[in-house]
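Number of protein chains: 4
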Amino acid sequence: MQVTKTARKPGRALTPEERQTKTQQLLDAALDVFLERGFEAARLDEVAKRAGVAKGTLYLYFASKEALFEDLIRSLIASPIQEVGQRMLAQDIPAEMMLRGLLNWAKKEVLGTRRKDIARLIISEAGRFPELGAFYHREVISRGTAVIRAIVTRGVERGEFTSDALDRFPQLLIAPVLVGIIWNGLFSHVETLDTDGLLDVHADLIIRGLKGGAA
Amino acid sequence: MQVTKTARKPGRALTPEERQTKTQQLLDAALDVFLERGFEAARLDEVAKRAGVAKGTLYLYFASKEALFEDLIRSLIASPIQEVGQRMLAQDIPAEMMLRGLLNWAKKEVLGTRRKDIARLIISEAGRFPELGAFYHREVISRGTAVIRAIVTRGVERGEFTSDALDRFPQLLIAPVLVGIIWNGLFSHVETLDTDGLLDVHADLIIRGLKGGAA
Amino acid sequence: MQVTKTARKPGRALTPEERQTKTQQLLDAALDVFLERGFEAARLDEVAKRAGVAKGTLYLYFASKEALFEDLIRSLIASPIQEVGQRMLAQDIPAEMMLRGLLNWAKKEVLGTRRKDIARLIISEAGRFPELGAFYHREVISRGTAVIRAIVTRGVERGEFTSDALDRFPQLLIAPVLVGIIWNGLFSHVETLDTDGLLDVHADLIIRGLKGGAA
Amino acid sequence: MQVTKTARKPGRALTPEERQTKTQQLLDAALDVFLERGFEAARLDEVAKRAGVAKGTLYLYFASKEALFEDLIRSLIASPIQEVGQRMLAQDIPAEMMLRGLLNWAKKEVLGTRRKDIARLIISEAGRFPELGAFYHREVISRGTAVIRAIVTRGVERGEFTSDALDRFPQLLIAPVLVGIIWNGLFSHVETLDTDGLLDVHADLIIRGLKGGAA
DNA sequence: GATGAATGAGCATTCATTCAT
DNA sequence: AATGAATGAATGCTCATTCAT
Chain A
1 MQVTKTARKP GRALTPEERQ TKTQQLLDAA LDVFLERGFE AARLDEVAKR AGVAKGTLYL
61 YFASKEALFE DLIRSLIASP IQEVGQRMLA QDIPAEMMLR GLLNWAKKEV LGTRRKDIAR
121 LIISEAGRFP ELGAFYHREV ISRGTAVIRA IVTRGVERGE FTSDALDRFP QLLIAPVLVG
181 IIWNGLFSHV ETLDTDGLLD VHADLIIRGL KGGAA
Chain B
1 MQVTKTARKP GRALTPEERQ TKTQQLLDAA LDVFLERGFE AARLDEVAKR AGVAKGTLYL
61 YFASKEALFE DLIRSLIASP IQEVGQRMLA QDIPAEMMLR GLLNWAKKEV LGTRRKDIAR
121 LIISEAGRFP ELGAFYHREV ISRGTAVIRA IVTRGVERGE FTSDALDRFP QLLIAPVLVG
181 IIWNGLFSHV ETLDTDGLLD VHADLIIRGL KGGAA
Chain C
1 MQVTKTARKP GRALTPEERQ TKTQQLLDAA LDVFLERGFE AARLDEVAKR AGVAKGTLYL
61 YFASKEALFE DLIRSLIASP IQEVGQRMLA QDIPAEMMLR GLLNWAKKEV LGTRRKDIAR
121 LIISEAGRFP ELGAFYHREV ISRGTAVIRA IVTRGVERGE FTSDALDRFP QLLIAPVLVG
181 IIWNGLFSHV ETLDTDGLLD VHADLIIRGL KGGAA
Chain D
1 MQVTKTARKP GRALTPEERQ TKTQQLLDAA LDVFLERGFE AARLDEVAKR AGVAKGTLYL
61 YFASKEALFE DLIRSLIASP IQEVGQRMLA QDIPAEMMLR GLLNWAKKEV LGTRRKDIAR
121 LIISEAGRFP ELGAFYHREV ISRGTAVIRA IVTRGVERGE FTSDALDRFP QLLIAPVLVG
181 IIWNGLFSHV ETLDTDGLLD VHADLIIRGL KGGAA
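Below you can see the structure in the form of structure tokens.
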């Protein structure tokens with residue numbers, strides 16, 4: 001009954017780290033449950049149980065179910081995209097390699113981790129959390145598109161690319177990442193999709209497209 | 001949304017068409033509500049109100065909330081994709097034109113109609129309705145990929161295309177359609193995306209990629 | 001769909017006999033359903049279906065579910081008890097034989113027919129239909145006890161019986177009938193009770209008791 | 001009925017006794033309502049109100065309305081019958097006195113307590129709860145009949161009784177108890193029945209029957 | 001007279017939230 | 001700080017009753 005994960009202390013004040021740790025435990029549990037059930041169907045009972053605390057304790061850390069969900073998403077959206085982009089741009093390598101680097105990073109750091117699940121959660125629920133959509137756009141999407149544009153612009157300036165397609169629609173670069181995320185969320189039991197292969201082929205194709213001679 | 005208050009008749013037997021019409025009204029209302037709220041948060045009260053009937057009436061047409069949802073999806077998935085594909089393949093036009101034709105069809109018939117909403121609904125909810133995912137895959141996805149493969153294969157055979165990328169990953173052709181659907185579902189208030197332009201540029205880019213010389 | 005039991009006549013007036021017949025059909029169906037489910041759990045849908053009419057038709061014959069139930073019970077309580085009693089008393093036979101005759105009649109005409117089911121229905125539901133209880137008491141119980149008392153009084157007067165026990169508590173004569181009804185309603189699947197044997201032994205025992213010498 | 005408003009405590013863990021007490025309060029309230037209305041017509045709102053708790057609280061103690069009902073019956077059926085029987089058989093008294101003892105016990109401990117109400121509830125509802133019927137038969141009926149048979153057998157062996165009627169049909173001993181229960185449930189407003197007198201006379205009569213000379 | 005589609009009040013059950021301990 | 005029993009509004013679903021045809 002008493003889950004003794006973290007030494008139960010009915011006692012006194014919490015150090016900031018303790019509070020931080022507990023918050024993280026709750027968020028971890030919440031992520032599991034929200035991923036499995038979706039926002040509405042997720043039960044706080046379940047979250048509390050998995051975190052090894054009483055249901056009431058949740059309310060010491062989050063004001064409501066909605067707040068828990070939003071805090072969770074926010075905490076997960078730390079966007080390392082910009083960092084990768086900067087790293088790419090800092091190197092003296094062809095723009096082609098930068099784009100490939102970005103996609104490889106997506107393979108490893110998005111499709112290969114829980115980030116894909118978070119993305120799916122956002123895609124599924126953000127419709128009902130407009131602020132969250134805005135937040136995600138600001139923190140992730142706009143930064144991502146900026147990076148892509150920077151790379152493509154450089155590629156065009158350097159004469160590597162003949163097309164500015166990705167400057168106008170940087171979404172085209174990451175579209176297959178989305179497909180990979182959604183496909184494996186919906187159809188993995190019916191027909192698996194080799195997302196690594198997908199992105200490799202995509203890279204080849206798009207690079208050819210960007211470089212290509214006459215259309 | 002638009003309650004067309006079809007003269008309330010407690011009375012006589014319904015002709016099949018009347019029943020059909022009423023069913024459709026209910027499904028229309030249901031689509032609105034499911035789209036706005038998601039499956040769990042959707043209230044049958046709301047569906048009934050928008051359809052201009054009493055709550056109990058819903059149960060004369062659908063056995064349960066879940067049945068309503070599934071019937072809704074099924075009714076909307078009549079997949080005309082195959083038909084377009086056949087039409088394309090039947091013509092004596094370059095494979096390139098076929099692919100462009102497909103994307104133009106998507107612009108008009110998916111992104112330009114409620115089909116995009118259905119897709120979004122499926123993306124959001126199919127995780128909790130595995131059968132629905134399978135059904136959608138069977139009725140829509142697998143047919144769509146088959147059509148794409150047929151076109152690409154012909155293009156390669158005729159020497160139009162040098163790459164079989166889309167034969168291996170036909171998902172790459174429709175990935176931007178997905179992006180368009182999701183983007184406008186999530187970020188339309190923040191940054192609109194010109195999906196028509198997106199698909200046009202995508203078409204150009206991918207065609208160049210498929211035809212392109214050395215990668 | 002169209003049950004053609006009784007020539008469907010959407011047309012005009014009903015003769016009294018037709019109305020009578022239809023009423024009886026509805027009551028028959030109602031009895032079945034009330035017996036199977038009890039008053040509350042009985043569904044008028046079911047009654048209508050079994051009677052081969054539409055649900056609305058029920059309301060042409062009975063004002064409400066409650067009225068249907070009460071009419072049903074009333075129609076079933078035609079009490080032949082008094083008649084049997086009169087017949088017994090009219091004969092010039094020992095009081096003992098009269099009592100045995102009464103119990104034999106109960107074996108055949110109560111335990112051997114649907115009357116036992118009706119009794120069980122009344123026992124189960126009359127708590128919530130006080131008028132019905134009063135009605136049943138007046139029509140059946142009080143007549144039954146009167147008959148028993150008349151017989152016993154005669155037996156005592158004639159010197160056949162030394163005890164007036166049944167005059168004070170005529171219920172004692174029919175108690176085993178009740179037991180038989182209830183037992184087979186509740187425990188027949190677990191342990192069957194030979195109600196005929198029960199009543200035979202009861203007759204012997206009670207006669208001996210009524211006649212017996214010093215207790 | 002009597003809301004004893006046990007100081008509302010949203011707080012701390014309940015001791016087993018507290019839980020036990022609360023459970024009992026709920027069961028008491030439930031018994032009242034089920035008796036007044038029957039299973040189907042009983043409203044959990046009403047049960048909760050009478051117990052002085054919120055409706056949701058019921059579900060902390062019972063999984064469903066059906067579970068509440070079954071737990072209620074089970075909790076009330078603790079059968080002390082066997083115990084009385086053993087006590088009787090242990091004494092060195094005539095079998096006649098044992099039977100009288102049994103009936104006196106029934107007067108006091110069944111007809112004089114809520115046990116009579118439970119019996120009535122079972123009689124009314126067990127038709128739709130077959131398991132309950134089986135349970136009641138196993139826990140109460142079969143034990144009761146065993147006790148009666150043991151007493152009668154001894155009486156016959158000792159030469160007290162000349163009839164084995166009750167060995168064949170022990171139900172005959174308790175039949176008037178049933179009559180008493182049902183009568184007062186249905187007709188008490190119309191004609192009261194002196195159940196004590198009923199059972200006294202029954203005792204005399206049946207003893208005479210069991211002892212009596214030639215029938 | 002008969003129909004049966006429509007109604008809507010009513011109920012069992014769930015679950016986010018509160019708060020005394 | 002933590003607990004978890006208690007709450008009660010909210011919701012899916014049922015079914016007796018009505019009434020236009």
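Chains A, B, C and D, in that order, give the protein sequences. Following the UniProt record's numbering, the numbering of the first sequence begins with 1 at its first residue and continues without gaps. Following the UniProt record's numbering, the numbering of the second sequence begins with 1 at its first residue and continues without gaps. Following the UniProt record's numbering, the numbering of the third sequence begins with 1 at its first residue and continues without gaps. Following the UniProt record's numbering, the numbering of the fourth sequence begins with 1 at its first residue and continues without gaps. The beta carbon of each residue, even a glycine, is placed where N, CA and C say it ideally should be.
Would you mind sorting D:I174 into buried or exposed? The rule is 16 or more other CB atoms within 10 Å of its CB. buried
Compute the distance between the beta-carbons of A:L166 and B:I206, then report whether it is under 8 Å.
no
**OP:** Just the C-alpha distance for B:D28 and D:L27, rounded to the nearest angstrom, thanks.
**Re:** 48 Å
When you compare the stretch 70-85 of chain B with the stretch 144-156 of chain B, are there three or more beta-carbon pairs, one atom per stretch, that lie closer than 8 Å? yes
Through-space distance from D:A48 to D:L58, alpha-carbon basis:
7 Å
Q) When you compare each of D:L121, D:I151, D:P130 to D:I182 by their alpha carbons, which one comes out closest? A) Of the candidates D:L121, D:I151, D:P130, the one whose C-alpha sits nearest the C-alpha of D:I182 is D:L121.
| field | CA nearest to the CA of C:L103, picked from C:N184, C:L60, C:Q171 | value | C:Q171
Requested in this report: Could you tell me which chain D residues have their CB closer than 8 Å to the CB of C:P32, listed as they occur along the chain?
Outcome: One point to set straight first is that residue 32 of chain C is Asp, not Pro, in the sequence displayed. Result: empty, since nearest Cβ-Cβ is about 14 Å, beyond 8 Å.
| Cutoff 8 Å: A:E70 Cβ touching any chain B Cβ | no
Original post:
Are the stretch 21-40 of chain C and the stretch 62-79 of chain C touching, with three or more C-beta to C-beta distances below 8 Å?
Top reply: yes
Checklist entry - What does a CB cutoff of less than 7 Å around C:G197 pick up in its chain, not counting 5 residues either side in sequence? => result none
key: Nearest candidate by alpha-carbon position, reference A:I77, set A:G127, A:L44, A:G133   = Nearest neighbour of A:I77 by Cα position, chosen from A:G127, A:L44, A:G133, turns out to be A:G133.
- Which two residues bound the contiguous alpha helix (DSSP H) that contains D:K39? A small correction: the amino acid at residue 39 of chain D is Phe; Lys does not occupy that position in the sequence shown. Counting along the chain, D:F39 falls outside any alpha helix (DSSP H), and DSSP gives it neither H nor E.
How long is the line joining the alpha carbons of D:M1 and D:E36, rounded to whole angstroms? Confidence is the limiting factor: at D:M1 the pLDDT is only 35, short of 50, which leaves the residue's position unreliable and the question unanswerable from this model.
Could you work out which residues of chain A lie near B:S124, taking near to mean beta carbons separated by less than 9 Å?
-> What B:S124 touches in chain A: G38, I123, S124, E125, G127.
task: Give the interface partners of A:R154 over in chain B, defined as CB-CB distance under 8 Å, in chain order.
output: By Cβ distance, chain B contributes nothing, its closest Cβ being about 18 Å from A:R154, past 8 Å.
Under three-state DSSP, which class holds D:R208?
Residue state, collapsed to three classes: helix.
- Query: If you check the beta carbons only, do A:G209 and B:G101 fall under 8 Å apart?
  - Reply: no
Starting from the beta carbon of B:R43, find every residue of chain A whose beta carbon is closer than 8 Å, and list them in chain order.
The contacting residues do not exist; B:R43 stays about 11 Å from chain A at best.
With a threshold of 8 Å between beta-carbons, can A:G197 be considered close to chain B, or not?
yes
Practice item. To the nearest angstrom, report how far apart A:T15 and A:K22 are at their CA atoms. Key: 11 Å
Q) Expressed to the nearest angstrom, what Euclidean distance is found between the alpha-carbon atoms of D:L186 and D:F34? A) When only Cα atoms are considered, D:L186 and D:F34 end up about 16 Å apart.
*Hey, A:L89 and A:A150 are a contact pair by Cβ (cut 8 Å); roughly how many whole angstroms apart?*
6 Å
| Considering only residues of the stretch 89-135 of chain A, which uninterrupted alpha helix (DSSP H) runs meet the minimum length of 4 residues and lie entirely inside it, listed in chain order? | 95-106, 115-125
Notebook entry, point to check: For the candidate residues A:F135, A:R128, A:I118, whose alpha-carbon lies nearest to that of B:A41?
Noted result: Relative to the Cα of B:A41, the nearest Cα in the group A:F135, A:R128, A:I118 belongs to A:R128.
What is the DSSP secondary structure of C:S64, counted as helix, strand or coil?
-> coil
Among B:P94, B:F135, B:A51, B:D200, whose alpha-carbon lies nearest the alpha-carbon of B:E160? Across the set B:P94, B:F135, B:A51, B:D200, the C-alpha of B:P94 shows the shortest separation from the C-alpha of B:E160.
Chain C contacts from the stretch 163-175 of chain D (Cβ-Cβ distance under 7 Å): S163, A165, R168, F169, Q171, L172, A175
ask   = Cβ atoms of A:L199 and A:K107: under 8 Å apart, would you say?
value = yes
- Residues of the stretch 182-193 of chain D whose Cβ lies closer than 8 Å to any Cβ of chain C, in chain order: I182, W183, G185, L186, F187, H189, V190, E191, L193
- Count the other CB atoms, across all protein chains shown, that sit within 10 Å of the CB of C:E191; report buried if there are 16 or more and exposed otherwise. exposed
- Query: Whose C-beta lies closer than 8 Å to the C-beta of C:G180 among residues of the same chain, with five residues either side of it excluded?
  - Reply: L111, K116, L193, T195, L198, L199
Item checked: Through-space distance from D:R74 to B:L44, alpha-carbon basis -> 39 Å
- For A:F169 versus B:V156, is the C-beta spacing smaller than 8 Å? No, the pair does not count as a contact, with Cβ atoms beyond the cut-off.
With 7 Å as the C-beta to C-beta threshold (strictly closer), list the residues of the stretch 86-104 of chain B near chain A in chain order.
none
Next on the checklist: If I measure Cβ to Cβ from B:G212 and keep anything under 8 Å in the same chain, skipping five residues before and after, which residues do I get?
Outcome noted: T162, S163
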